[in-house]
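Peer 1: Here's a structure for you.
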Amino acid sequence: MANNKSQAEEPAISIDSSSKLEAIKNLIFGENIQQYDSEFELLKKDLLAKRQELNEMIDDTREELNKSIDSLSTDLNIRITDLESKMDDRLDRMEDDKTSRSMLGEALIELGKKIKA
731 MANNKSQAEE PAISIDSSSK LEAIKNLIFG ENIQQYDSEF ELLKKDLLAK RQELNEMIDD
791 TREELNKSID SLSTDLNIRI TDLESKMDDR LDRMEDDKTS RSMLGEALIE LGKKIKA
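Per this note's numbering, the sequence shown starts with residue 731, numbered consecutively.
Structure representation (structure tokens):
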């Protein structure tokens, strides 16, 4: 019986302490606690929305950058292929004309300068 009585007193004590806590919160924050809570909730929702918006912007930017990189890579490959083709054409012409090694060297130097630029 004594055990049952102490168990019955525990909820009463916790209810009493929670009401004391509420009273202390009311003393500290006044009656505006609900207003503060709602403002904090609004701020929290706003922060979450901004975070989501930023994540979407990051994803969009990442996608655009990947597309740009792919485009640049394709363009670079086309230019390299064109340069190789031009070099092969010049070499063929040089062989046909039986040009000297110095002309070949100059053509390769010129091609190297174009590749650097």
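Beta carbons: idealized from backbone N, C-alpha and C, even for Gly.
1. What number of angstroms, rounded off, separates the C-alpha of serine 803 from the C-alpha of lysine 797?
2. Let me know the secondary structure DSSP gives serine 830 once reduced to three states.
3. Would you call the stretch 810-830 and the stretch 773-788 touching, i.e. three or more CB-CB distances under 8 angstroms?
4. Starting from the Cα of leucine 806, find the closest Cα among Leu757, Lys846, Ile763, Asn756 and give me that residue.
Peer 2: The short version:
1. By 1-based counting over the sequence shown, the position of residue 803 is 73. By 1-based counting over the sequence shown, the position of residue 797 is 67. Cα to Cα, the separation comes out at about 10 angstroms.
2. Against the sequence shown, residue 830 aligns to sequence position 100. Three-state result, serine 830: coil.
3. No, the stretch 810-830 does not touch the stretch 773-788.
4. For the purposes of this step, residue 806 is taken as residue 76 along the sequence shown, with counting starting at 1. Comparing Cα-Cα distances from leucine 806 to each of Leu757, Lys846, Ile763, Asn756, the minimum goes to Lys846.
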